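Numbering (my numbering), first residue to last: 3 to 94. Report on one structure; see the data block that follows.
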């Protein structure tokens, strides 16, 4: 899977809202993209570091060119060399 996408929700007043309390069809607040540093694991949920009572949404999407989260093989060859890439592919 690709990189995790972490999303928090703020209501119209700017206060954080737990992802469990958000209905996407009626929510009129703002979706906020978060970094891994702003979130921590608490039990089964991901929560804000600053406000542990606020659950955030975390999803990992498969790698896709349309999402722009693929790895360019040319970059790997430049950094590690073609033989390293071939060896990696052989043992996958």
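Built from N, CA and C at the ideal position, the CB exists for glycine as well. Please read these numbers as outputs of a predicted model, since none were measured by experiment.
So, is residue i buried or exposed, given that buried needs 16 or more other C-beta atoms within 10 angstroms?
| i | result |
| --- | --- |
| residue 56 | buried |
| residue 45 | exposed |
How many angstroms separate the CA atom of residue i from the CA atom of residue j?
| i | j | result |
| --- | --- | --- |
| residue 68 | residue 74 | 14 angstroms |
| residue 77 | residue 23 | 42 angstroms |
| residue 81 | residue 91 | 16 angstroms |
| residue 26 | residue 54 | 22 angstroms |
| residue 1 | residue 5 | For residue 1 there is no data in the structure shown, the boundaries of the chain being 3 and 94. |
| residue 18 | residue 38 | 17 angstroms |
Assuming residue i and residue j make a contact with CB atoms under 8 angstroms, what is their CB distance in whole Å?
| i | j | result |
| --- | --- | --- |
| residue 40 | residue 51 | 6 angstroms |
With respect to the alpha helix (DSSP H) encompassing residue i, which residues constitute its N-terminal and C-terminal limits?
| i | result |
| --- | --- |
| residue 84 | 84-92 |
Looking at the structure shown, is residue i part of a helix, part of a strand, or coil, going by DSSP?
| i | result |
| --- | --- |
| residue 46 | coil |
| residue 79 | helix |
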